[in-house]
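**Student:** Pasting a structure below so you can have a look.
Chains as they are written, first to last, in our numbering: chain A, 32 to 224; chain B, 32 to 224.
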């Protein structure tokens, strides 16, 4: 991490996910680290901030999340599109070198249980709220955000700066079949519109 | 509705929400119709398709959803940004003329319990799966998508066509404080990237 990585006030952490980006999920347990891509992550509450995220039973990352009770959600950038696609299509079960071969560099912050993926625009450290029925029936996890950070080149003072930043900082929005869109331009509301 | 509104195969309905757009939620019960904006809607499963959506207890729409067991989710366009902002900031409780004054035109499809908002790019008719604990503790609703449609000028053959369509068809992605972004350009994955 570097000097551009700044804490985000918890009551504004929902803004990191509010526009619906595809995210990376990292987890650590028993000496194993993993990272997966997930399109189905969503804000759930403002303060304390909570999120929902869908983690399929076949995902190795899910087992780490269930065993440790923690996960980190991060917002990857257009510059990380290939990395995001690779961690979303490869499994640690088939490829023990998945993280290295995908270009993932992990960074552990003192006092936090889950490593973060370097180069993202934002990070949310999350403690799982145990909800066994949701997890079993729907693969749906609820977690509380206990800390958040953003790169001040992409998000500052509670707002995304996509229109000012280099295009490589834009968030990714996955559809299917390898089809991603970048987030686009600000929309001006016309009160007469 | 018009000749451009085409059914979407249920197993592809998740693609209408996968890129994280802000949505409109419509509901009907006891002769009352309402529409609200929601940024916290997310796909939950592929087939049968399910979604999650957060509906605050103060929302009049939530009471209609709880009473009827149905809701419709629709994807508004950049051309509907002012409409989306108005239905997201006004309440039917304060403004009985909310829908008309917001520019909402509703359309009822034969055999479907919830009216749809005309002019959107996609629509998902959803039956609530009763999960009282999620609804009470988290304002979180789970619903199964029983039918879906899209305007073929914006979504066709299972894919969004934002790069070909008029810019007014792009989806809206809300941050906070009246700040919306439009969805942007396709991202090409560089296998060497």
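We put the CB at the ideal spot given by N, CA and C, even for glycine.
Fair warning: this is a prediction, and the values are worked out from it, not measured in the lab.
Could you confirm whether any beta carbon from chain A is found closer than 7 angstroms to the beta carbon of residue 83(B)?
**Tutor:** Output row for residue 83(B): interface = yes.
**Student:** Where do the N-terminal and C-terminal ends of the alpha helix (DSSP H) with residue 92(A) fall, by residue?
**Tutor:** Here the alpha helix (DSSP H) through residue 92(A) covers 91-99.
**Student:** For residue 200(A) and chain B, any beta-carbon pair shorter than 7 angstroms?
**Tutor:** With 7 angstroms as the cut-off, residue 200(A) does not count as an interface residue toward chain B.
**Student:** Counting along the chain, where does the alpha helix (DSSP H) carrying residue 164(A) start and finish?
**Tutor:** Its alpha helix (DSSP H) spans residues 163-169.
**Student:** Along the alpha helix (DSSP H) that carries residue 118(B), what are the first and last residues, could you check?
**Tutor:** Segment 112-120, the alpha helix (DSSP H) holding residue 118(B).
**Student:** What would DSSP say about residue 131(B), mapped onto helix, strand or coil?
**Tutor:** Three-state result, residue 131(B): helix.
**Student:** Can you give me, in chain order, the residues of the stretch 112-134 of chain A that have a beta carbon less than 7 angstroms from any beta carbon in chain B?
**Tutor:** Listed by position along the chain: 112, 113 and 116.
**Student:** Taking C-beta pairs closer than 8 angstroms, name the residues in chain A that residue 222(B) reaches, listed in chain order.
**Tutor:** Chain A residues near residue 222(B): 113.
**Student:** Can you tell me the Cα-Cα spacing of residue 114(B) and residue 61(A), whole angstroms?
**Tutor:** Going from the Cα of residue 114(B) to the Cα of residue 61(A) covers about 51 angstroms.
**Student:** In terms of DSSP beta bridges, what is residue 70(A) paired with?
**Tutor:** Answer by DSSP bridge pairing: none, since residue 70(A) is not bridged.
**Student:** In this structure, does DSSP put residue 196(A) in helix, strand or coil?
**Tutor:** Reduced to three states, the DSSP call for residue 196(A) is coil.
**Student:** Output yes or no for whether 7 angstroms exceeds the beta carbon distance between residue 148(A) and residue 55(A).
**Tutor:** Yes, these two residues count as a Cβ contact at 7 angstroms.
**Student:** Just to confirm my understanding: we take residue 138(A), look at its own chain, exclude 5 residues before and 5 after, and list those with CB closer than 7 angstroms. What are they?
**Tutor:** Here the set comprises 32, 146, 147 and 149.
**Student:** Could you tell me whether the Cβ of residue 217(B) comes closer than 7 angstroms to any Cβ of chain A?
**Tutor:** For residue 217(B), the answer is yes, since a Cβ of chain A falls inside 7 angstroms of its Cβ.
**Student:** So, residue 213(B) versus residue 220(A), is the Cβ gap smaller than 7 angstroms?
**Tutor:** No. Outside cutoff.
**Student:** From the DSSP output, read off the bridge partner residues of residue 76(B).
**Tutor:** Paired residue(s): 81(B).
**Student:** Using beta carbons (cut-off 7 angstroms, strictly below), is residue 75(A) in contact with chain B?
**Tutor:** Yes, its Cβ sits closer than 7 angstroms to a Cβ of chain B.
**Student:** Please list, in chain order, the chain D residues whose beta carbon lies closer than 7 angstroms to that of residue 203(A).
**Tutor:** Among the protein chains in the structure shown, which are A and B, there is no chain D.
**Student:** Would you call the stretch 185-192 of chain A and the stretch 122-141 of chain A touching, i.e. three or more CB-CB distances under 8 angstroms?
**Tutor:** Touching, no, given that fewer than three Cβ pairs across the two stretches are closer than 8 angstroms.
**Student:** Find the residues of chain A that neighbour residue 51(B), judging by a C-beta separation of less than 7 angstroms, and give them in chain order.
**Tutor:** Here the neighbours are 50, 51, 52 and 204.
**Student:** Please report how far the alpha carbon of residue 207(A) lies from the alpha carbon of residue 71(A), in whole angstroms.
**Tutor:** Rounded to the nearest angstrom, the two C-alpha atoms are 12 angstroms apart.
**Student:** Could you spell out where the beta strand (DSSP E) holding residue 157(A) opens and where it closes?
**Tutor:** Where residue 157(A) is concerned, the enclosing beta strand (DSSP E) stretches over 153-160.
**Student:** For residue 19(A), which of 68(A), 95(A), 142(A) and 188(A) has the nearest alpha-carbon?
**Tutor:** Past the boundaries of the shown model lies residue 19(A); chain A is included only from 32 to 224, so the question cannot be answered.
**Student:** Compare the C-beta of residue 136(A) against all C-beta atoms of chain B and say whether one is closer than 7 angstroms.
**Tutor:** Answer no: the Cβ-Cβ gap between residue 136(A) and chain B never drops below 7 angstroms.
**Student:** Please confirm if residue 191(B) has its CB atom under 7 angstroms from at least one CB of chain A.
**Tutor:** Closer than 7 angstroms: yes.
**Student:** Report the neighbours of residue 109(B) on chain A: residues whose CB is nearer than 7 angstroms to its CB, in chain order.
**Tutor:** Those within 7 angstroms of residue 109(B) in chain A are 218.
**Student:** Could you tell me which chain A residues have their CB closer than 8 angstroms to the CB of residue 211(B), listed as they occur along the chain?
**Tutor:** The contacting residues are 217, 218 and 220.
**Student:** For residue 79(A), which residues of its own chain have a beta-carbon under 6 angstroms away from its beta-carbon, when the five flanking residues on both sides are left out?
**Tutor:** Same-chain partners within the cutoff: 175.
**Student:** Give the straight-line distance between the Cα atoms of residue 65(B) and residue 92(B), rounded to the nearest whole angstrom.
**Tutor:** Cα-Cα distance, rounded: 6 angstroms.
**Student:** Does the beta-carbon distance from residue 169(A) to residue 75(B) come in below 7 angstroms?
**Tutor:** Yes, they are a contact pair.
**Student:** Enumerate in chain order the residues of its own chain whose CB-to-CB distance from residue 165(A) is below 6 angstroms, with the five nearest sequence positions on each side excluded.
**Tutor:** Cβ neighbours of residue 165(A) beyond the five flanking positions: 171.
**Student:** Taking Cβ to Cβ, would you say residue 181(B) is nearer than 7 angstroms to residue 39(B)?
**Tutor:** Yes, Cβ-Cβ distance for residue 181(B) and residue 39(B) is below 7 angstroms.
**Student:** Quick one: list the residues of chain A neighbouring residue 140(B), beta-carbon separation under 7 angstroms, in chain order.
**Tutor:** Near residue 140(B) there are no residues of chain A at all, since even the closest Cβ is about 25 angstroms away, more than 7 angstroms.
**Student:** Between residue 154(A) and residue 53(A), what straight-line distance do the alpha-carbon atoms span, to the nearest angstrom?
**Tutor:** When rounded, the distance between both Cα atoms is 13 angstroms.
**Student:** Could you tell me if residue 117(B) is buried or exposed, where buried requires 16 or more neighbouring beta carbons within 10 angstroms of its beta carbon?
**Tutor:** Its Cβ being crowded by 16 or more others within 10 Å, residue 117(B) is buried.
**Student:** Going straight from the alpha carbon of residue 197(B) to that of residue 160(A), what length do you get?
**Tutor:** Their backbone Cα atoms lie some 43 angstroms apart in a straight line.
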